[in-house]
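As structure tokens, the structure follows; a few thoughts come after it.
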Amino acid sequence: MTMHYGWTGKILVVDLSSHTSTHLPTAEYSSRFIGGLGIGEKLYWDMTQPETSSFDPANPLILMTGPLCGTTAPATSRMVVCGKSPCTFPERFVSASIGGGFPAELKKAGFDGVLITGKADRPVYLHIADNRVIIRPAPDLWGMNNTDVRALLTQKHGTTAKILSIGSGGEHHTRIANLSGDLGSSASMGFGSLMGSKNLKAIVVEGSGTVPVAYPEKVTQVRTKLRKMTGAGFYNLYGQTVPLPDTTTVKKLHCQSCPQGCWRSLQKRASGIEGIRKCHMGSFYAKWDMKHNSAITDVTFRASDMVNDYGLCTDEVMFLLLWLEQCLQHGILSEKETGLPLSTMGTLEFLKLFCDSIATCEGFGSILAQGAVRAAAQFGSRSQALVHEFLTASGRPARTYGPRSFILSVPVFAVEQRPAITTLHEICQPLAKWALWLKSGGTKSYVSTQVLRAIAERFWGGAEAVDFSTLAGKARAAKIIQDRQYAKECLVLCDLVWPVMDDASTDDHVGDAELEAQLFSAVTGVALDEAELRRYGERVFNLNRAIQLRDGRSGRVDDLLSETYFVAREEPPADIFDIYNPERLLPGNGSELISFKMKALNRSDVAMLMDEYYALRGWDVRTGFLTQETEQEVFGA
5 MTMHYGWTGK ILVVDLSSHT STHLPTAEYS SRFIGGLGIG EKLYWDMTQP ETSSFDPANP
65 LILMTGPLCG TTAPATSRMV VCGKSPCTFP ERFVSASIGG GFPAELKKAG FDGVLITGKA
125 DRPVYLHIAD NRVIIRPAPD LWGMNNTDVR ALLTQKHGTT AKILSIGSGG EHHTRIANLS
185 GDLGSSASMG FGSLMGSKNL KAIVVEGSGT VPVAYPEKVT QVRTKLRKMT GAGFYNLYGQ
245 TVPLPDTTTV KKLHCQSCPQ GCWRSLQKRA SGIEGIRKCH MGSFYAKWDM KHNSAITDVT
305 FRASDMVNDY GLCTDEVMFL LLWLEQCLQH GILSEKETGL PLSTMGTLEF LKLFCDSIAT
365 CEGFGSILAQ GAVRAAAQFG SRSQALVHEF LTASGRPART YGPRSFILSV PVFAVEQRPA
425 ITTLHEICQP LAKWALWLKS GGTKSYVSTQ VLRAIAERFW GGAEAVDFST LAGKARAAKI
485 IQDRQYAKEC LVLCDLVWPV MDDASTDDHV GDAELEAQLF SAVTGVALDE AELRRYGERV
545 FNLNRAIQLR DGRSGRVDDL LSETYFVARE EPPADIFDIY NPERLLPGNG SELISFKMKA
605 LNRSDVAMLM DEYYALRGWD VRTGFLTQET EQEVFGA
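According to the numbering used here, the sequence shown is numbered sequentially starting from 5.
And the structure:
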């Protein structure tokens with residue numbers, strides 16, 4: 005794979021222990037793994053040992069862009085962050101993704117990625133500017149939270165500099181600490197604490213270069229087509245800001261190269277306070293605000309800003325609150341045992357005390373800082389049972405896009421170590437649009453049963469993938485979806501845009517599965533079609549499996565679903581599909597509608613589905629390990 009266009013050709017390698025830096029040639033990796041997650045995985049495979057722990061200085065923090073980042077290719081200013089995560093249970097290699105302006109700026113500064121290893125002997129930050137890097141002392145930054153860090157570094161380096169930073173949560177190795185970027189962007193999975201364990205407070209990047217593009221006119225053609233396709237399709241569901249009472253949108257905030265924008269916006273409350281909001285986690289505290297104040301108040305609005313400032317993951321903080329609330333109700337924990345005023349949960353004062361204890365690992369916060377699954381394990385089986393009502397064994401959300409309704413997601417929940425939200429989004433998005441069509445009688449969505457089947461035929465290997473009266477086609481669809489998503493994370497593309505599965509501008513409303521490959525070819529000059537791109541995704545998925553097996557996963561023995569999925573019971577709405585479709589209806593054969601409300605998974609069905617899935621993957625059906633032939637394809641002969 006030639007490298008004249010798209011890639012910069014260099015990966016920056018920084019050893020903080022020796023205060024030295026060098027470069028790796030991107031071309032050594034891109035021909036088989038493209039970029040992003042693919043190259044990140046291969047770097048991790050080559051540079052780590054199975055026994056390396058997450059806070060070991062030898063555990064690299066890897067930041068990788070893709071070949072489309074920094075160009076005019078739409079919705080491509082993203083970057084994969086990967087390494088062995090302190091957040092997962094047990095510690096495993098996972099990845100996260102972050103957008104905003106930092107990824108494109110890194111490309112303009114001359115680098116496709118950054119690999120950081122070692123540990124500085126004192127607090128430092130990296131200053132990357134046009135093909136060079138300086139490790140600068142950061143004693144004045146240490147102890148600050150993200151808002152103040154960004155303000156001081158912006159004052160030092162100017163408003164055009166892009167910054168990644170950690171708050172006090174990362175400094176104290178809190179397992180649920182995030183990396184924080186501009187425009188409210190962040191990377192979860194505990195990578196803030198991995199960065200903090202290296203005494204690295206921030207990364208500042210400034211670039212004045214450009215990323216060469218092979219066929220700019222073809223990129224423009226795809227941008228034009230995308231605008232036309234998404235006029236009333238994808239963004240009809242996902243382009244609106246999260247509604248809060250007494251809140252207005254001041255302006256949308258686009259990531260670099262985004263043609264339309266998503267939920268990310270500057271919002272203003274009636275009281276005058278402003279803040280950047282994107283997804284549903286902007287209102288994660290609303291449940292407790294409502295319970296304590298009988299309304300959604302400014303507390304909800306301020307809550308996400310507070311958590312982000314500490315550099316904590318709002319998702320993980322919400323899980324801790326849910327677990328604590330349940331423990332309090334069941335008499336497992338009390339205010340006396342925790343040292344926290346749990347009766348004031350829902351106030352801003354409580355949340356500040358809560359976050360401060362977690363971010364500094366003081367008092368009961370030292371337990372909470374381990375994350376909900378590890379914290380629950382310290383208080384016995386009843387406590388663990390409560391946390392696994394909403395989290396899987398590894399700490400992933402168990403209800404959202406779960407396999408009770410979506411049988412296609414069974415392999416995703418079984419084999420993925422991380423919260424594979426991009427994969428689950430591809431499963432849920434067309435089905436949610438179908439549910440809206442069903443609910444509205446076709447007035448609010450054009451994704452009818454006929455359109456849904458046509459989409460499945462084009463994107464998921466056949467219409468039977470959306471016939472929920474049978475297992476037929478589900479394993480194949482799951483594999484295709486995973487391969488596409490892993491290829492997407494090699495490019496690296498925005499999950500809120502890609503793939504474009506429906507089209508507002510055509511009579512059949514079926515999207516275009518070739519667009520990602522067309523963009524790749526237009527930018528790099530390397531001819532590639534959709535099937536070939538998915539084969540890259542398949543290779544990267546299998547490399548991920550090889551990493552998990554090398555690092556301690558026991559194959560099929562560990563590919564387990566939570567027991568909660570095998571129990572029939574009522575559950576509150578967990579995602580947009582449930583909101584549109586409380587009866588959890590899905591299409592069957594012909595005009596048949598099947599309700600999955602109060603339904604449990606069947607163990608023999610799951611076993612049959614996984615047998616087929618392993619065979620399609622080229623894994624040993626009995627053990628779940630890669631076959632010799634599959635290993636050779638991943639690593640070369």
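Where a beta carbon is used, it is the ideal one built from N, C-alpha and C, also for glycine.
Pair within 7 Å by beta-carbon distance, residue i and residue j
i, j, result
"ASN546", "VAL610", "no"
"VAL527", "GLY10", "yes"
"GLU67", "THR80", "The question names Glu, but residue 67 in the sequence shown is Leu. Cβ distance not < 7 Å, so LEU67 and THR80 don't count as in contact."
"SER566", "THR427", "no"
"TYR617", "ARG408", "no"
"ILE411", "LYS478", "yes"
"GLY117", "ILE15", "yes"
"SER21", "LYS123", "yes"
"ASP144", "THR404", "no"
"VAL209", "LEU110", "yes"
"GLY171", "LEU183", "no"
"PRO29", "THR69", "no"
"ALA517", "SER525", "no"
"GLY559", "THR627", "yes"
"GLY211", "HIS177", "no"
"TRP49", "ILE583", "no"
"GLY343", "GLY367", "yes"
"SER413", "ILE431", "yes"
"TYR540", "ALA481", "no"
"SER169", "ASN149", "no"
"GLU542", "ALA521", "no"
Integer Cβ distance of residue i from residue j, believed to fall under 8 Å
i, j, result
"TYR314", "GLY173", "5 Å"
"CYS259", "LEU187", "7 Å"
"THR469", "ALA458", "The sequence given here places Ala at residue 469; Thr does not occur at that position. Not really, about 12 Å apart at Cβ, beyond 8 Å."
"CYS91", "GLY194", "3 Å"
"ILE1", "LEU357", "No answer is possible for residue 1: the residues shown for the chain start at 5 and end at 641."
"CYS359", "MET310", "6 Å"
"ILE102", "SER190", "6 Å"
"LYS255", "LEU65", "Incorrect: roughly 33 Å between the Cβ atoms, too far for contact."
"CYS331", "SER385", "Not really, about 13 Å apart at Cβ, beyond 8 Å."
"GLY369", "SER361", "3 Å"
Extent of the continuous alpha helix (DSSP H) to which residue i belongs
i, result
"GLY200", "195–201"
"GLN159", "150–161"
"GLY40", "40–51"
"SER525", "519–528"
"SER385", "384–391"
"SER172", "172–175"
"VAL638", "632–639"
Sequence-distant residues of its chain with Cβ nearer than 7 Å to residue i (five each side left out)
i, result
"LYS437", "LEU241, SER449, VAL451, ASP506"
"GLY592", "ASP471, PHE472, SER473, ILE598"
"THR24", "none"
"ARG621", "LYS483"
"ILE371", "ALA379, GLN382"
"MET612", "LEU475"
Residue interval of the beta strand (DSSP E) (run including residue i)
i, result
"HIS296", "First-last for HIS296: 290–297, but that is the alpha helix (DSSP H), not the beta strand (DSSP E)."
"GLN330", "Segment 318–333 is the alpha helix (DSSP H) holding GLN330; no beta strand (DSSP E) there."
"LYS255", "251–256"
"LEU346", "Here LEU346 belongs to no beta strand (DSSP E), and DSSP marks it neither H nor E."
"GLY117", "117–121"
"MET83", "83–89"
"LEU65", "65–68"
"PRO29", "24–29"
"SER269", "269–273"
"ALA100", "96–102"
"TYR129", "128–133"
"VAL217", "Segment: none, VAL217 is in no beta strand (DSSP E) and carries neither H nor E."
Spatial neighbours of residue i in its chain, beta-carbon cut-off 6 Å, leaving aside the 5 residues before and after
i, result
"SER99", "LEU41, VAL84, CYS86"
"HIS513", "TYR450, VAL455, ASP506, ASP507"
"ALA77", "VAL223, LEU523, VAL527"
"LYS3", "One cannot answer for residue 3 here, as it falls past the ends of the chain, which runs 5 to 641."
"ALA604", "PHE570, VAL571, ALA572"
"GLN636", "none"
Sequence-distant residues of the same chain with beta carbon closer than 8 Å to residue i, five excluded per side
i, result
"SER57", "ASN63, LYS88, GLU95"
"ARG306", "ILE277, GLY279, LEU352"
For this session: Tell me the start and end of each unbroken beta strand (DSSP E) in the region 594–629 that is at least 3 residues and wholly inside, in chain order.
Result: 597–599
For this session: Can you check the region 366–436 for any beta strand (DSSP E) of at least 3 residues that lies completely inside it and give the ranges in chain order?
Result: none
For this session: Note down, one range per segment and in chain order, each alpha helix (DSSP H) of at least 4 residues found wholly within the region 429–516.
Result: 453–463, 478–495
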